[in-house]
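Scroll down for the structure; my scribbles are underneath it.
In the numbering used here, the protein residues as written are 7 to 504.
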């Protein structure tokens with residue numbers, strides 16, 4: 007029995023009838039040259055052989071009575087692999103938009119908390135004699151980095167299959183603990199929490215003291231102070247010179263303008279996906295002296311600019327993006343948990359020129375990373391351990407509702423996850439593409455996640471169906487902007503048929 011961290015549990019607490027805590031992936035496979043190959047049977051066997059390596063697949067939640075502490079993971083004594091491995095199909099011709107519609111419907115349903123928090127769907131009927139596998143896993147179980155590791159453990163590095171290490175011992179599920187046993191276990195944690203909170207606070211205070219020598223942190227503090235108005239602002243800005251000149255640009259984004267996708271979301275989803283050649287992206291980044299992530303951010307800005315212009319909704323100022331950042335060190339005692347923080351950067355949708363856009367993205371990301379490095383992010387995520395779950399869950403849901411109804415501090419999430427550089431296989435079928443399928447919350451009804459695999463960069467966009475009904479137009483605009491950026495620096499961007 008293992009207890010969830012506060013950060014892990016937060017993904018449970020934010021769930022409502024319209025926002026869900028699971029993240030997903032759509033992997034596309036080339037069927038092997040075998041007329042008797044059955045994808046469903048092959049995939050089920052693939053997972054069954056590896057269950058001793060895939061701890062998150064066999065464990066389920068055990069809530070603490072009265073919400074006194076974060077839940078525990080317990081091996082499911084009634085584990086049923088056939089409940090989790092499912093079969094579906096798209097009708098002919100099996101095109102991308104049909105696949106996207108199917109995925110959108112499946113991700114728009116919550117996972118059953120009475121079972122291990124995952125599902126996987128074998129999707130047949132794809133064009134080109136391909137098939138897909140859609141996998142849903144709750145974010146309470148994995149973050150982006152551990153999710154990528156989970157994928158590699160599920161798959162083979164050879165079409166003939168890998169030799170697997172045998173289990174250390176026969177798997178025996180735990181007896182589901184009683185309420186009294188769970189409360190006793192939780193009590194020992196609760197007794198230690200006040201002392202641990204004091205130690206964490208003292209350690210963080212020391213680190214902030216050191217970080218105040220960092221110019222980025224000082225600039226951020228001044229930027230926050232200068233933005234304050236009313237009685238509080240009058241007190242905190244006392245003695246500070248005010249002029250009619252514009253404030254100097256600091257490391258923090260100036261605030262997120264309103265867009266059509268910054269509103270309350272429904273349970274209904276849209277999913278759209280495209281692929282671009284990774285080498286072209288690398289050629290562009292070398293030509294302009296940026297990073298792959300800068301290129302991804304810049305073309306997202308360009309595509310969003312086009313989409314917003316087409317909807318007469320382009321704000322005068324830039325958008326603000328939240329970029330998840332792994333704080334995993336490799337020394338964590340628990341492998342399957344969340345170690346993730348975030349940085350915030352401006353997304354220059356107000357800039358028409360693609361080269362100027364990428365220069366502004368690069369500048370914004372440098373400032374954002376300096377601020378992120380000012381205080382160790384793991385300290386901030388550790389604070390999620392201490393609020394009582396009943397208070398924490400109410401606060402999480404209230405925060406997203408308020409964000410949806412007032413000005414959101416962030417317009418969207420953009421994530422770029424490095425993926426495997428070697429080919430992977432599922433029971434002899436070669437993995438061709440790996441499209442990330444992330445999650446959205448109230449007030450931020452759009453998510454763009456990108457993952458590399460082999461020589462391809464796969465884009466996956468998720469949005470609220472009512473807020474962004476034409477999501478395919480948006481992903482096409484992002485890809486078109488990459489082509490335009492390539493032309494600006496004499497880099498060809500060949501695109502696969504879709």
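By construction, the Cβ of each residue, glycine as well, lies at the ideal position given by its N, Cα and C atoms. For clarity, every value in this text was computed on a predicted model and none was experimentally measured.
Three or more C-beta pairs under 8 angstroms: does that hold for the stretch 338 to 350 against the stretch 142 to 162?
At 8 angstroms Cβ cutoff, the stretches touch.
Does residue 297 come out as helix, strand or coil in the three-state DSSP assignment?
Taking the chain shown and counting its residues from 1, one reaches residue 297 at position 291. DSSP places residue 297 outside both helix and strand once states are collapsed to three, so it counts as coil.
Who are the Cβ neighbours of residue 430 in its own chain at under 6 angstroms, not counting the five residues just before and after it?
Sequence index remark: in the chain shown, residue 430 carries index 424 (1-based). For residue 430, where only same-chain residues beyond five positions count, the Cβ hits under 6 angstroms are 161, 437.
For the alpha helix (DSSP H) that contains residue 90, what are its first and last residues?
Start at 1 with the first residue of the chain shown, and residue 90 comes out as number 84. Element bounds for residue 90: 87 to 90.
Quick check: the stretch 449 to 464 against the stretch 44 to 59, are at least 3 beta-carbon pairs closer than 8 angstroms?
The count of Cβ pairs closer than 8 angstroms, one atom from the stretch 44 to 59 and one from the stretch 449 to 464, stays below three, leaving the stretches out of contact.
Can you give me the C-alpha to C-alpha distance between residue 303 and residue 364, rounded to a whole angstrom?
Counting from 1 along the chain shown, the entry for residue 303 is found at position 297. Counting from 1 along the chain shown, the entry for residue 364 is found at position 358. Computed Cα separation, rounded: 8 angstroms.
Could you check what DSSP says for residue 481 in three-state terms: helix, strand or coil?
As a first step, residue 481 must be located in the chain shown, where it is residue number 475. If DSSP states are grouped into helix, strand and coil, residue 481 belongs with the helices.
Say whether the stretch 317 to 324 touches the stretch 350 to 357, bearing in mind that this needs 3 or more beta-carbon pairs closer than 8 angstroms, one atom from each stretch.
Yes, the stretch 317 to 324 touches the stretch 350 to 357.
Cβ shell of residue 389 (< 6 angstroms), same chain only, five flanking positions each side left out
Reading the chain shown from its first residue, position 383 is the one you call residue 389. Confidence at residue 389 is low in this model, with a pLDDT of 44, below 50, so its placement is unreliable and the value that follows should be read with caution. Closer than 6 angstroms at the Cβ level, and outside the excluded window around residue 389, lies no residue.
Suppose you measure from the CA of residue 494 to the CA of residue 269; what does that come to, to the nearest Å?
The residue given as residue 494 occupies position 488 in the chain shown. The residue given as residue 269 occupies position 263 in the chain shown. Taking the Cα positions, residue 494 is about 35 angstroms away from residue 269.
DSSP three-state call for residue 177: helix, strand or coil?
Within the chain shown, numbered from 1, the residue matching residue 177 stands at position 171. Correct three-state label for residue 177: coil.
Top-ranked residue by Cα proximity to residue 91, from 51, 97, 120
By 1-based counting over the chain shown, the position of residue 91 is 85. Selection 51, 97, 120 evaluated against residue 91 yields 51 as nearest (Cα-Cα).
Taking only runs of the alpha helix (DSSP H) that begin and end inside the stretch 24 to 62, which ones reach a length of at least 4 residues, in chain order?
The qualifying runs are 45 to 56.
If contact is defined by three or more beta carbon pairs under 8 angstroms, each pair taking one atom from either stretch, is the stretch 304 to 314 in contact with the stretch 482 to 489?
The stretch 304 to 314 and the stretch 482 to 489 touch, with three or more beta-carbon pairs separated by less than 8 angstroms.
Which whole-angstrom value is the C-beta distance of residue 262 and residue 468, which I expect to be below 8 angstroms?
One-based indexing of the chain shown puts residue 262 at position 256. One-based indexing of the chain shown puts residue 468 at position 462. About 19 angstroms separates the CB atoms of residue 262 and residue 468; that is not less than 8 angstroms, and the two are not in contact.
Once DSSP output is grouped into helix, strand and coil, what is the label at residue 342?
Along the chain shown, read from residue 1 onward, the residue named residue 342 stands at position 336. In this structure, residue 342 counts as coil in the three-state DSSP scheme.
Three-state secondary structure (DSSP) at residue 147?
Mapped onto the chain shown, residue 147 falls at position 141. When secondary structure is reduced to three states using DSSP, residue 147 falls in the coil class, being assigned neither helix nor strand.
Is it a yes or a no for the stretch 99 to 106 touching the stretch 61 to 72, going by three-plus beta-carbon pairs under 8 angstroms?
Contact fails: fewer than three Cβ-Cβ distances are below 8 angstroms.
Three-state secondary structure assigned by DSSP to residue 138
Here residue 138 refers to the residue found at position 132 of the chain shown. Residue 138 falls in the strand class under three-state DSSP.
Span of the beta strand (DSSP E) around residue 464
Counting from 1 along the chain shown, the entry for residue 464 is found at position 458. Judged by DSSP secondary structure, residue 464 falls within the beta strand (DSSP E) whose first and last residues are 462 to 470.
Does the stretch 25 to 40 come into contact with the stretch 55 to 65, if we say contact requires no fewer than three beta-carbon pairs (one atom in each stretch) closer than 8 angstroms?
Touching, no, given that fewer than three Cβ pairs across the two stretches are closer than 8 angstroms.
Length of the line joining the Cα atoms of residue 313 and residue 84:
Within the chain shown, residue 313 is the residue found at index 307, counting from 1. Within the chain shown, residue 84 is the residue found at index 78, counting from 1. Straight across, the Cα-Cα distance linking residue 313 with residue 84 is about 48 angstroms.
Through-space distance from residue 442 to residue 275, alpha-carbon basis:
Residue mapping note: residue 275 aligns to position 269 of the chain shown, counting from 1. Residue mapping note: residue 442 aligns to position 436 of the chain shown, counting from 1. Each residue's alpha carbon lies about 14 angstroms from the other.
Can you tell me whether residue 160 is helix, strand or coil according to DSSP?
Residue numbering aside, residue 160 sits at position 154 when the chain shown is read from its first letter. In this structure, residue 160 counts as helix in the three-state DSSP scheme.
Compute the Euclidean distance between the alpha carbons of residue 280 and residue 191, then round it to the nearest angstrom.
Here residue 280 refers to the residue found at position 274 when the chain shown is read from its first residue. Here residue 191 refers to the residue found at position 185 when the chain shown is read from its first residue. Straight through space, the alpha carbons of residue 191 and residue 280 are spaced by roughly 47 angstroms.
Could you give the residue range of the beta strand (DSSP E) that holds residue 457?
Here the question's residue 457 lines up with position 451 in the chain shown. That run of the beta strand (DSSP E) goes 452 to 459.
If you draw a straight line from the alpha carbon of residue 349 to that of residue 131, how long is it in whole angstroms?
For this step, residue 349 is matched to residue 343 along the chain shown. For this step, residue 131 is matched to residue 125 along the chain shown. Cα to Cα, residue 349 sits roughly 40 angstroms from residue 131.
Alpha carbon to alpha carbon, how far is residue 82 from residue 188? Give it in angstroms, no decimals.
Here residue 188 corresponds to residue number 182 of the chain shown, with the count starting at 1. Here residue 82 corresponds to residue number 76 of the chain shown, with the count starting at 1. Roughly 15 angstroms separates the two Cα atoms.
Of the choices 93, 76, 158, whose alpha-carbon is the least far from that of residue 167?
For the purposes of this step, residue 167 is taken as the residue at position 161 of the chain shown. Checking every option, the nearest Cα to that of residue 167 belongs to 158.
Find the nearest neighbour of residue 22 within the set 116, 144, 455, judged by alpha-carbon distance.
For the purposes of this step, residue 22 is identified with residue 16 of the chain shown, where counting begins at 1. Out of 116, 144, 455, 116 has the C-alpha closest to the C-alpha of residue 22.
Roughly how many angstroms lie between the CA atoms of residue 89 and residue 170, to the nearest whole one?
Looking up residue 89 in the chain shown gives position 83. Looking up residue 170 in the chain shown gives position 164. Across the structure, residue 89 and residue 170 are spaced so that their CA atoms are roughly 24 angstroms apart.
Residue 4 to residue 362 span [Cα, whole Å]
Nothing can be reported for residue 4, as the shown portion of the chain is limited to 7 through 504.
Short check: CB of residue 458 to CB of residue 425, under 8 angstroms?
Counting from 1 along the chain shown, the entry for residue 458 is found at position 452. Counting from 1 along the chain shown, the entry for residue 425 is found at position 419. With contacts defined by Cβ atoms closer than 8 angstroms, residue 458 and residue 425 form a contacting pair.
Could you name the residues of the same chain whose beta carbon sits closer than 6 angstroms to that of residue 110, not counting the 5 residues immediately before and after it, in chain order?
As a first step, residue 110 must be located in the chain shown, where it is residue number 104. Scanning its chain for C-beta atoms nearer than 6 angstroms, with the 5 sequence neighbours on each side dropped, one finds around residue 110 the residues 275, 276, 277, in chain order.
Do residue 79 and residue 182 come within 8 angstroms of each other at the CB atom, strictly closer than that value?
Taking the first residue of the chain shown as position 1, residue 182 is located at position 176. Taking the first residue of the chain shown as position 1, residue 79 is located at position 73. Against a cut-off of 8 angstroms, the Cβ pair of residue 79 and residue 182 comes out as no contact.
Residue 39 to residue 113 span [Cα, whole Å]
As a first step, residue 39 is located in the chain shown; it is residue number 33 there, counting from the start. As a first step, residue 113 is located in the chain shown; it is residue number 107 there, counting from the start. Near 31 angstroms, if we compare the C-alpha coordinates of residue 113 and residue 39.
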